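Each residue of the sequence shown is one higher than the last, beginning at 5 in the working numbering.
The beta-carbon is built from N, C-alpha and C at its ideal position, and this holds for glycine as well.
All of these numbers come straight from a predicted model, not from anything done at the bench.
First the structure, in the form of structure tokens, and then the observations on it.
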Amino acid sequence: MEWKVDAFGVFNRKWALLTAGDREKFNTMTVSWGGLGTLWGMDVATVYVKPIRYTHDFMEKSDYFTLSFYPEDCRKALALLGTLSGRDGDKVAKSGLTPEFLEQGVTFREAETTLVCRKIYRQDLDIAAMPEQVVKSFYKTEAPHTMYIGQVVAKLGLKP
Numbered sequence: 005m006e007w008k009v010d011a012f013g014v015f016n017r018k019w020a021l022l023t024a025g026d027r028e029k030f031n032t033m034t035v036s037w038g039g040l041g042t043l044w045g046m047d048v049a050t051v052y053v054k055p056i057r058y059t060h061d062f063m064e065k066s067d068y069f070t071l072s073f074y075p076e077d078c079r080k081a082l083a084l085l086g087t088l089s090g091r092d093g094d095k096v097a098k099s100g101l102t103p104e105f106l107e108q109g110v111t112f113r114e115a116e117t118t119l120v121c122r123k124i125y126r127q128d129l130d131i132a133a134m135p136e137q138v139v140k141s142f143y144k145t146e147a148p149h150t151m152y153i154g155q156v157v158a159k160l161g162l163k164p
């Protein structure tokens, strides 16, 4: 099945949920930075997570993660999941979204499309290699993001 998507807007304008972990314990967060493309002959998704985020721990320990995309009527839930921390309570329950457990990860019933990704690369972003304005805008007080690249091993839903 083919998935037609605005590669430049799917993260920035639509947002997505990045989820890592398993049935016993998982965390999700809203992401607005990311990319879709190819690397080493594979379809890949790239996401960025700051080390202070609770999801970072799950990304470090998990071999798989999911990226799920939603209709506009889920925007409030995504906003909530991007502002509350899973360290402080059950933010998924507060969001009203319904977890769906997959063999290799977790998504949510309300998702239009879910990409199941096998983590193939991770790298902490290097402040020394960034433009000065980026460092001033995003990394004055916090460590830079970790970049994760995942091979897309399954595409579920595939709604526009």
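Cβ-based neighbour list, residue i, same chain, cut-off 8 Å, excluding 5 preceding and 5 following
i: leucine 85; result: Leu21, Thr32, Met33, Thr34, Lys95, Val96, Ser99, Leu101
i: aspartate 130; result: Pro148
i: tyrosine 143; result: Ile131, Met134
Residue i - DSSP class collapsed to helix/strand/coil
i: threonine 145; result: coil
i: valine 9; result: coil
i: glycine 41; result: strand
i: isoleucine 153; result: strand
i: valine 51; result: strand
i: aspartate 128; result: strand
i: leucine 82; result: helix
i: valine 96; result: helix
i: phenylalanine 30; result: strand
i: methionine 134; result: coil
Which residues DSSP lists as bridging residue i, in chain order
i: proline 103; result: Phe112
i: arginine 122; result: Tyr68, Gln155
i: phenylalanine 73; result: Thr117
i: glycine 25; result: Phe30
Residue i and residue j closer than 9 Å at C-beta
i: isoleucine 153; j: alanine 83; result: no
i: valine 156; j: glycine 25; result: no
i: phenylalanine 30; j: phenylalanine 62; result: yes
i: threonine 145; j: threonine 70; result: no
i: arginine 122; j: aspartate 67; result: yes
i: leucine 162; j: glutamate 6; result: yes
Spatial neighbours of residue i in its chain, beta-carbon cut-off 6 Å, leaving aside the 5 residues before and after
i: isoleucine 124; result: Ile153, Gln155
i: leucine 160; result: Thr118
i: arginine 91; result: Tyr58
i: alanine 11; result: Leu40
Three-pair Cβ contact test at 8 Å for the region 69-79 versus the region 100-118 | yes
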